[in-house]
Structures are given as C-alpha cells and as structure tokens.
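Residue numbers (the working numbering), protein chains in the order written: chain X, 7 to 558; chain G, 72 to 249. Note that beta-carbon positions come from the ideal geometry of N, C-alpha and C, so glycine has one too.
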Amino acid sequence: MNKIICACGHENPEGTVLCGNCGRPLTEEAENLKLVDMRYEGSARRSQTYNKSIVDKIWNFFSSVRVGVWLIVIILVAAAIGTILPQVLYVPATVEADIAAYYERVYGTFGKIYYELGLSDLYGSWWFQTLIGMLGISLIVASLDRVIPLYKSLKKQRTRRHESFMKRQRLFAIGENKLGEETLTRSEQKLTELGYHVKREDGAVLGERGRFSRWGPYINHLGLIIFLFGVMLRALPGFYVDETMWIREGETRAIPETPGFYLESKEFILETYDKDQADDVFDEAIDRVGTIASNYQTDVVLYKKPEDALPGQTDKLEEVKKDSIQVNEPLKFDGFAVYQMDFRLDELRTMHFDLSNKASGESLGELSIDLVEPETHYDLGNGAEVELLRYYPDFSGFEDGEPQTKSPVPNNPAFLVKMTTPETPEGETSFVAIKQTVEPFGENEFKLEFKNVDTRDVSGLTIRKDKTLWILALGGLIFMIGVAQGSYWNHRRIWIHETKDGRLAVAAHTNKNWLNVKKDLDAVTEAASLPPYDDQQDLEALEEKKDGEKSS
Amino acid sequence: MARTKQKRLIIRTSILVVLVAAIVYTIYTSATKEKIEVLGIGDEAPNFKLVDLDGEEHRLSDYKGQGVFLNFWGTWCKPCAKEMPAMDRQYEVFKDQGVQTLAVNIAQSDFEVQRFTDQYGLDFPVVIDKTKSVMEAYNINPLPTTMLINSEGKIEKIITGEMTEQDIASFMELIKPE
C-alpha cells in the first residue's frame, strides 16, 4: 500500500483527497478545483485503499454506493412486478396444480407465464430474498467503509489548516488583522456564545458545532439493518406464527403451532345494528344498506394439555380460561393472540326425519341424525326401526353405482338407510339425499321424509405470534432518530487563523443550511472585525450567469 | 504492514462470512418452511395416544423396536381408499416381521370409519384423531400422507400421495428391524 506524504509531513492512505492533518489538496484534480469536495472530509474510503485479494474485491463491490443504488432499483422493480397479479397466498387454491390452473383460467396466458416464472410467489422466492440480503450487506459494508475514516479524520482534525484548504472553502475571507492579538480572543468568545466548541492553538481558532449530525446517515442505516435483522428472524422457528384455523360450534381442536393448546368453540355470534336502538342519524344508512354487522364474536374455552399428556390424548385437558374473541379483541395466551377473522353461518348439524307410509302419509315416528357423530340404529318404538348403512356427508354423485362424498364436511349429506316396520319386517333400503330419493331395490312402502335441520356456525380464526415486533419497532425508531439527526442538525465549522505575513484568513463550512452558518459568521465578523467574506459558490454562479448573458 | 493487511483480511472475511451465512440460513429455512416446518427425515417421531374403533388405546411408544407404517387418511379421500386394500395385504405379510401398520383417520365420525373398515375388511388398527392434534404434531397437509418410522422411533421417509402395492411392500421392507 502506498502512502501519500503531504507537504506538512503527514502520512495519508492512498486515495486521500485532502490531507487529514492540514487539509492541503493531495490530488491534481483537487488542486484544480476552486472549491474542495468536502465529502467524507476528503478522506480515503477504505475500499479505495485496498484492492488486492478476492475478499477485498467482494468487499469493494458491496462498498460501492452505485451498487447499492442499483440493488435498490432492482428490488423496487421486482417488488412492483409482484403486485401485478395477486400473490399465491391470496389465491383460493392450495394444491400446486390448482394454483397453476387458477392463474391460467383467471388471467389467461399472461397468468400462466407469470406463474411459470415463479412471480406468483415472488416475495418468498430465493432470488428476491437474496437481493434483500445483498442490500443488507451493502448497507453494512458501505457504512463501515465510510463512517470509520470520517470518524478518524474528524477526530484528529487540526485547528490550523493550510491556506490552500481555506481558500477552497465556499465561505472564505482574507484581509487585514485590524485588532491584532484581540481578534482571536474575541472570535473565540463570540463562537462560544453561539454554541460552538472552540479550539485554539498558536494563532488559529476552530469553532465547531453539531458534529453528531454527520453520523445521521449511519445511524439511519443501523436502524435499517436492525429492521432487516428482525424480518430475518421471522424465518426462524419460534419467532413468528401466522396460522388460520376453522372451528365449528361444539368442536375442540388443537391450535396450530402452539405447544399443547386446544380451543373449544362454544358459540359464534353475529350481531347487526338495530334501527330502534341505534342513534337516529344511522337510520338512513341502515335503510340503504340493510343489515350492518355490529359484532363478530366467538365464545371459546382455552385448554392446555397436561405436561405428560401426548398429542391425541384429550381426556384430561385443563381449562385455562373462557373468553370471547371479537374483532380487535383477540384471545391472548403465552405470547399468542387468536383473532376473529372469518365465519361461515349455518353449516348443517342435525337432520330431522319422519318415517312415514307413502300411501297413507301416516307417521311412524321421528328420528334425528347427528351429522357429526351419526349412530347406527334409530329405534322409533312400536317395532319401527331405521338402520344407517352408509353416510356421505358431502354427496357428489354416483360413480360405478357407488355414492361418493367429496369432503368430510356435511354440505350435502346423503344416507343409505334400511327401514324396518311391523308391516315390512324384511326391511326396505332407501338412499336419501337432499331433494333426491333413490330406491335401489324396487318400490318401497315407507319413506324418510325430511322435516327440518339444525345448523351451527363456523368461526375462522387467525393465530398470531410475533416476537420480532419490538425489534422492528426499535429498528424503525433508530431509523427515524438517524433521519432527524441528519436533517435537523448540521455540522458547522469556522476556521480563523493568522497567516505568516500577518494577515487574517477566515473560512467556514457546513454540510447543510448555509444560511445559518453565514449568520454565525456575520456575527463573529462583526464582533472581531474580521475581513468580510465572500460566498465563492455564489460568485461562481454569478460569473456563470454573466457569461451566459454575454454569449446569448 | 503485513500484520495490518492480515488483520484487515480476517476482519473483512469474518464480516462477510457471518452476513452470507445469516442470509443463506434465512433463505433456506423460508424456502423449506412449507415442506418440513418442524418435522423432517431423521427427526424423532412425536409420540401420541389415540383410541381405535374397539376402544383400545394405541401409543406410538408401544411399538418401540418395531417399524411403524403410519398412514393418515380420510374416507372421502379417493387415493386413500384405493391404497387401503394393498396396505391390508402387506400388513398381513409384515406384521410378524416387526412392522406395525397404524392408520390415523382425521377427525371423522366413528360411524363413517367403522363402515369404511368393515367395507374394506381392514385388519390393522385404525385410530381417529378427533382434535386433529396428531395431525398438527406431524404437520400433515395433503391426504394420504404416510410416515415411515424405523425401529429407533426416527422418521425414515415421508410419502405424500397414493402408493402402489409394490411401493408399500418396499417401504415396509425399509423399516423392518434388523
């Protein structure tokens, strides 16, 4: 590694633009500039310093702001593409083949291509996550590479800077020292009054305030990194749970992803606004819309299995608590929250039939078939009996003469029954479905006549656990602190020194808000009778303007 | 000079390695989340206790030292029904060679399960997971799913979808104790 030795004798690492000690421009380019580029104090970014091994090359790749910006652009474009069609999570299909078919059916050829390219699960794809990961590396490496040299150069900055540094600052003055010795003392006093930290050494004064605003962007990056770390933790088991469960009234079910917790649904309640009870102002809305829900609620009992109980062993569940889950009022336990998310009303529960004589219409008695736990024999007394031979909860038609059920949910229950009465001791077989009766072995004398049905409701619940939330909040907070730090404060410096020929050189710099540093410098100029300064950038602008006018 | 260079190399390498490892791990876990979640091949098969149609209790741990062919099914699931007779035949072949067959029905009524086993004349024990807690413990998603559990109680293989009789025979062979 080559060192650059400045005229003042200070050794600077390769790539340095301004001497870390006196501020002399070290490159030809910098020397030719009228104003110096004060970014990173002209220090060498670490990536420029070393470029030897493969590790250095990788490091330098991620250190580049250009690479970082490209990563952000690519991520933005990719994320935007992911919003063109709904992601796989929001598609009403669970099996791969159904999902593929859904995209093609609903969105045509474009949908098919979209699915084939894997864009339907874009945010979960390995390449999208790799991009986010690369952005994370870029944030860390680029920050480290800049904040360390900046910190070092600000920490060891000298009070007296070289004149070539001073005259390349935007605010610069050189002139007669009217008050002699007194000038620096008065300047020092005024700067202190203005809230500057002042350093003084042989004939030079440096006033500085708000240096910490320079760390704003890095604090901001730190917040982002913490945020990304929190998101990353979600992939780890135990940090993040987002599951759904459907539970019917009267059912007890294991709660997904929880350690041995069970939920029993006592009742689902759907309430609507009543015109008589609601305030009059709402009457119009109720008339217009009809029914408006005022409450979705599932009354539940939470159980936990005993420590020594195994899955499936539910005879000794211990009640934890009774609760009513309402929208925004989840059931909370053990870091989990169970939310009311969805419902289905009136799923069939029990069907009531009448065994009757087809000819006379005379009833031999009633029977109720529990659709969840059907029984085999139904004794109606007086010698009449119905035997359940087969049960098809979700009857979907016949296949090779055999009735089929397409799910275990009693959406369309059908039964094969044998009816025995004193008049038909041999028994008659009948296939009974909703709006359909088949008598496979010839005409029957008796029939099961459908009377009515009991229903129950189904609650759709979401189980959530998020241990990463506070990490995300912390990341967000630090991010905002960084933003505020960099935006509302600024780093101002004013240098004043006596030159060798007894004149006075004054320069000032700020990373933003030039108006205020000018005000400060005005105040010091007045208090210590400093030579009047020029805003060299404005001068340049003025000259350019003049040139422009001439040529036109 | 050489020392600072070496130090720099070590620091940079370790930072990059840590970051890349974290990212690779995250991507790996999220990519495989749907498939294995908590259970994978080589894991200890969670113990459970379920009751069969005759009221008899079955624990997985009862079959320690034997291979267990654990089949999750439902009566409405056609591929499940299709593989049942073949499973029953292979059960007869392997039951004396230390391979137990256990079918876990997912929360259906006793009536439906009883009728089904009668219809197909199944001899192996059929238990019903009324609260879906065993299904939850084994992360069963599609039906049928079959877990091959070896004599040490470890999961040897997870099969989702229908199996032919040859498949079943070779799978039972796989978990036969030495």
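Cα-Cα separation, cysteine 14/X to asparagine 27/X:
If you number the first sequence from 1, residue 14/X lands on position 8. If you number the first sequence from 1, residue 27/X lands on position 21. Computed Cα separation, rounded: 8 Å.
Taking 9 Å as the threshold (beta carbon to beta carbon), is glutamate 236/G in contact with chain A?
Within the model displayed, chain A is absent; protein chains X and G are what it includes.
Bridge partners - methionine 357/X, DSSP secondary structure assignment:
Position 351 of the first sequence, counted from the first residue, corresponds to residue 357/X. BP columns for methionine 357/X point to Ile375/X, Val459/X.
Should the stretch 176 to 186 of chain X be called in touch with the stretch 506 to 521 of chain X, which here means at least 3 C-beta pairs below 8 Å?
yes
Indicate whether at least one CB of chain G lies closer than 9 Å to the CB of aspartate 62/X.
For the purposes of this step, residue 62/X is identified with residue 56 of the first sequence, where counting begins at 1. So, interface residue.
What residue from Asp544/X, Pro537/X, Tyr539/X, Ala513/X has the CA that sits closest to glutamate 169/X's CA?
Looking up residue 169/X in the first sequence gives position 163. Comparing Cα-Cα distances from glutamate 169/X to each of Asp544/X, Pro537/X, Tyr539/X, Ala513/X, the minimum goes to Ala513/X.
Those residues which DSSP pairs with aspartate 200/G across a bridge:
In the second sequence, counting from the first residue as 1, residue 200/G sits at position 129. Ile177/G, per the DSSP bridge assignment.
What does proline 409/X touch in chain G if you count any residue whose Cβ is under 8 Å from its own?
Locating residue 409/X in the first sequence gives position 403, where the first residue counts as 1. What proline 409/X touches in chain G: nothing, since even the nearest Cβ is about 11 Å away.
Give a yes or no on contact between the stretch 464 to 483 of chain X and the stretch 229 to 244 of chain X, applying the rule of three or more CB pairs nearer than 8 Å.
yes
Give the secondary structure of phenylalanine 245/X by DSSP, where H, G and I count as helix, E and B as strand, and everything else as coil.
One-based indexing of the first sequence puts residue 245/X at position 239. Three-state result, phenylalanine 245/X: coil.
Could you tell me if serine 366/X is buried or exposed, where buried requires 16 or more neighbouring beta carbons within 10 angstroms of its beta carbon?
One-based indexing of the first sequence puts residue 366/X at position 360. Exposed: under 16 other Cβ atoms inside 10 Å.
Using the three-state DSSP reduction, which class does lysine 106/G fall into: helix, strand or coil?
In the second sequence, counting from the first residue as 1, residue 106/G sits at position 35. Annotation note: pLDDT 44 at lysine 106/G (below 50); position unreliable, coordinate value reported separately. Residue state, collapsed to three classes: helix.
Can you name, in chain order, every residue of its own chain whose Cβ lies under 6 Å from the Cβ of histidine 227/X, other than the five neighbours on each side?
Locating residue 227/X in the first sequence gives position 221, where the first residue counts as 1. The residues are Leu145, Ser149.
Could you have a look at leucine 370/X and say whether DSSP puts it in helix, strand or coil?
Position 364 of the first sequence holds residue 370/X. Leucine 370/X: strand per DSSP, three-state reduction.
Starting from tryptophan 501/X and walking both ways along the beta strand (DSSP E), at which residues does that stretch end?
The residue given as residue 501/X occupies position 495 in the first sequence. Taken as a continuous stretch (DSSP letters only), the beta strand (DSSP E) holding tryptophan 501/X covers 498 to 504.
If we ignore side chains and look at the alpha-carbon of each, how far apart do asparagine 221/G and glutamate 227/G end up?
As a first step, residue 221/G is located in the second sequence; it is residue number 150 there, counting from the start. As a first step, residue 227/G is located in the second sequence; it is residue number 156 there, counting from the start. So the two alpha carbons sit approximately 6 Å from each other.
To the nearest whole angstrom, what separates the beta carbons of leucine 361/X and phenylalanine 452/X, a pair I think is in contact under 8 Å?
Taking the first residue of the first sequence as 1, we reach residue 361/X at position 355. Taking the first residue of the first sequence as 1, we reach residue 452/X at position 446. Going by Cβ atoms, the distance from leucine 361/X to phenylalanine 452/X rounds to 6 Å, so yes, they are a contact pair.
Quick check on the burial criterion: 16 or more other C-beta atoms within 10 angstroms. Buried or exposed for histidine 129/G?
By one-based count along the second sequence, residue 129/G stands at place 58. Looking at its Cβ environment, which holds 16 or more other Cβ atoms inside 10 Å, histidine 129/G is buried.
Return the first residue and the last residue of the beta strand (DSSP E) that tyrosine 302/X is part of.
Here residue 302/X is taken as the residue at index 296 of the first sequence, counted from 1. Here the beta strand (DSSP E) through tyrosine 302/X covers 299 to 310.
Can you say whether aspartate 463/X is buried or exposed, counting buried as having 16 or more other CB atoms within 10 angstroms of its CB?
As a first step, residue 463/X must be located in the first sequence, where it is residue number 457. Its Cβ being crowded by 16 or more others within 10 Å, aspartate 463/X is buried.
Residues that leucine 80/G contacts on chain X, provided the C-beta gap is smaller than 7 Å:
Working through the second sequence from its first residue, we reach residue 80/G at position 9. Ser59, Val61, listed in chain order.
Residues sharing a beta bridge with glycine 181/X, DSSP
Position 175 of the first sequence, counted from the first residue, corresponds to residue 181/X. Partner(s): Leu510/X.
Identity of the residue in Gly244/X, Ala99/X, Glu35/X nearest proline 262/X by Cα
Position 256 of the first sequence holds residue 262/X. Ranking the options by Cα distance to proline 262/X, first place goes to Gly244/X.
In angstroms with no decimal places, state the Cα-to-Cα distance between isoleucine 107/G and valine 175/G.
Locating residue 107/G in the second sequence gives position 36, counting from the first residue. Locating residue 175/G in the second sequence gives position 104, counting from the first residue. Confidence at isoleucine 107/G is low in this model, with a pLDDT of 43, below 50, so the placement of that residue should be treated as unreliable; the coordinate-derived value is given next. Approximately 19 Å between the Cα atoms of the pair.
From the beta carbon of lysine 106/G, is the nearest beta carbon of chain X less than 9 Å away?
Along the second sequence, read from residue 1 onward, the residue named residue 106/G stands at position 35. With a pLDDT of only 44 at lysine 106/G, under the threshold of 50, the placement of this residue in the model should not be trusted; the figure read from the coordinates follows. Taking Cβ atoms only, chain X never reaches closer than 9 Å to lysine 106/G, which makes this a no.
When you compare the CB of glutamate 127/G with every CB in chain X, is at least one pair closer than 9 Å?
As a position in the second sequence, residue 127/G is number 56, starting the count at 1. No, glutamate 127/G lies away from the interface with chain X (no Cβ there is under 9 Å from its Cβ).
Considering only the beta carbon of each residue, do lysine 120/G and proline 317/X sit closer than 9 Å?
The count along the second sequence starts at 1 and reaches residue 120/G at position 49. The count along the first sequence starts at 1 and reaches residue 317/X at position 311. Contact flag set, yes.
Looking at alanine 534/X: is its Cβ nearer than 9 Å to the Cβ of threonine 198/X?
Residue mapping note: residue 534/X aligns to position 528 of the first sequence, counting from 1. Residue mapping note: residue 198/X aligns to position 192 of the first sequence, counting from 1. Not closer than 9 Å, so no.
Tell me, please, whether the CB atom of glutamate 319/X is closer than 9 Å to any CB atom in chain G?
Along the first sequence, read from residue 1 onward, the residue named residue 319/X stands at position 313. Residue 319/X is actually glutamine in this sequence, not glutamate. It does: the Cβ of glutamine 319/X has a partner Cβ on chain G nearer than 9 Å.
For a quick check, are the C-beta atoms of cysteine 151/G and leucine 245/G less than 9 Å apart?
Locating residue 151/G in the second sequence gives position 80, counting from the first residue. Locating residue 245/G in the second sequence gives position 174, counting from the first residue. Not in contact: cysteine 151/G and leucine 245/G (Cβ atoms no closer than 9 Å).
Taking C-beta to C-beta, are tryptophan 293/X and lysine 310/X nearer than 9 Å?
Sequence index remark: in the first sequence, residue 293/X carries index 287 (1-based). Sequence index remark: in the first sequence, residue 310/X carries index 304 (1-based). According to the sequence displayed, residue 293/X carries aspartate and not tryptophan. No.
Are the C-beta of threonine 3/X and some C-beta of chain G separated by less than 9 Å?
An answer regarding residue 3/X cannot be provided, because it is not within the stretch 7 to 558 covered by chain X.
Could you have a look at leucine 326/X and say whether DSSP puts it in helix, strand or coil?
Here residue 326/X refers to the residue found at position 320 of the first sequence. According to the sequence provided, residue 326/X is valine. The question's leucine does not apply to it. Correct three-state label for valine 326/X: strand.
Rounded C-alpha distance that separates isoleucine 11/X from serine 85/G
Residue 11/X sits at position 5 when you count from the first residue of the first sequence. Residue 85/G sits at position 14 when you count from the first residue of the second sequence. Looking at the two C-alpha atoms, the distance is approximately 32 Å.
Interface residues of chain X facing alanine 208/G [CB-CB closer than 7 Å]
Residue numbering aside, residue 208/G sits at position 137 when the second sequence is read from its first letter. Per Cβ cutoff of 7 Å: Pro317.
Spatial neighbours of isoleucine 477/X within its chain, please: CB distance less than 6 Å, with the 5 preceding and 5 following residues excluded, ordered by chain position.
As a working mapping, residue 477/X is identified with position 471 in the first sequence. Within the same chain, isoleucine 477/X has close Cβ partners Gly236.
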